[in-house]
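S.K.: The structure under discussion is supplied below as structure tokens; questions concerning it will follow.
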Amino acid sequence: MARAEVVCRERGLRLTPIRRKALEALYADHKPVGAYDLADRISPPGGRRLAPISIYRALDFLVEQGFVHRLSSRNAFIACPHGHGANEAVAFLICEVCGGVDEDASPAMRQAIRGMAEGRRFQTSYQVVEIVGRCEHCRDAGARSDQLALQADR
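According to the working numbering, the sequence shown is numbered sequentially starting from 1.
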């Protein structure tokens with residue numbers, strides 16, 4: 001949150017209450033969250049639910065400023081704790097079992113994407129790679145359950 005506050009102040013932008021609540025909720029979750037789920041989480045308890053357009057406007061702002069990433073394959077958003085720019089290349093490893101996400105914005109990954117695009121004379125406008133599979137924990141848990149199933153069949 002501190003980075004968002006500093007960046008907004010430096011750029012002369014406002015971190016409105018809805019933007020702040022959305023960013024806080026995304027930081028607290030550590031997993032991709034859809035706009036409607038986010039609306040439920042940050043709407044006042046017992047009050048009217050925030051309008052989806054208000055949530056989408058807040059999310060658009062947060063994405064444009066590089067505080068949040070949109071995961072197209074999940075139609076969801078995740079907070080970005082890194083200081084890279086909104087248009088820099090980034091890759092996400094998304095676990096199909098637990099929903100966990102690991103972000104990679106390393107120089108090596110960015111160079112690989114840049115080199116691939118330049119080699120094809122392709123001008124990029126949005127550089128996000130989403131890789132879906134199983135995280136180490138879920139992969140190991142699956143291997144253990146497969147072993148137990150094999151032992152039970154014997």
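Ideal placement from N, C-alpha and C gives every residue a C-beta, glycine not left out.
Please read all numbers here as calculations on a predicted model, not as lab measurements.
1. Could you check what DSSP says for residue 135 in three-state terms: helix, strand or coil?
2. How many Å lie between residue 107 and residue 9 at the Cα?
3. I need the DSSP call for residue 67, collapsed to helix, strand or coil.
4. Counting Cβ pairs, one atom from each stretch, are 3 or more of them under 8 Å apart for the stretch 95-114 and the stretch 43-60?
5. With three or more beta-carbon pairs closer than 8 Å as the criterion, would you say the stretch 116-134 touches the stretch 38-45?
6. If you count every other CB in all the chains shown that lies within 10 Å of the CB of residue 101, and 16 or more means buried, which is it?
7. Given that a residue counts as buried once 16 or more other Cβ atoms are within 10 Å of its Cβ, and exposed if not, what is residue 139?
8. Have a look at residue 53 and residue 19 and give me their C-alpha separation to the nearest angstrom.
9. Runs of 4 residues minimum, wholly inside the stretch 95-142: which ones carry the alpha helix (DSSP H) assignment?
10. Can you find the residues in the same chain that come closer than 7 Å, C-beta to C-beta, to residue 134, ignoring five residues on each side of it along the sequence?
11. Suppose contacts are defined by Cβ-Cβ distances below 9 Å. Is residue 125 in contact with residue 75 by that definition?
12. Which of helix, strand or coil does DSSP assign to residue 93?
13. State the DSSP-derived secondary structure class of residue 76, mapped to helix, strand or coil.
14. Measure the alpha-carbon distance for residue 80 versus residue 13 and round it to whole angstroms.
M.R.: Based on what the coordinates show:
1. Coil, per DSSP.
2. If I take the Cα positions, the gap works out to 28 Å.
3. Taken through DSSP and simplified to helix, strand or coil, residue 67 comes out as coil.
4. Touching, no.
5. Short answer: they don't touch.
6. Label assigned to residue 101: buried.
7. By the 10 Å Cβ count, residue 139 comes out exposed.
8. The alpha-carbon atoms of residue 53 and residue 19 are separated by roughly 12 Å.
9. Every alpha helix (DSSP H) of 4 residues or more that sits fully in the stretch 95-142 is shown, in chain order, as 107-119.
10. If we look at residue 134 and ignore the five residues flanking it on each side, its Cβ neighbours are 95, 96, 97, 142.
11. No, the pair does not count as a contact, with Cβ atoms beyond the cut-off.
12. Strand, per DSSP.
13. Three-state result, residue 76: strand.
14. Roughly 18 Å between the two C-alpha positions.
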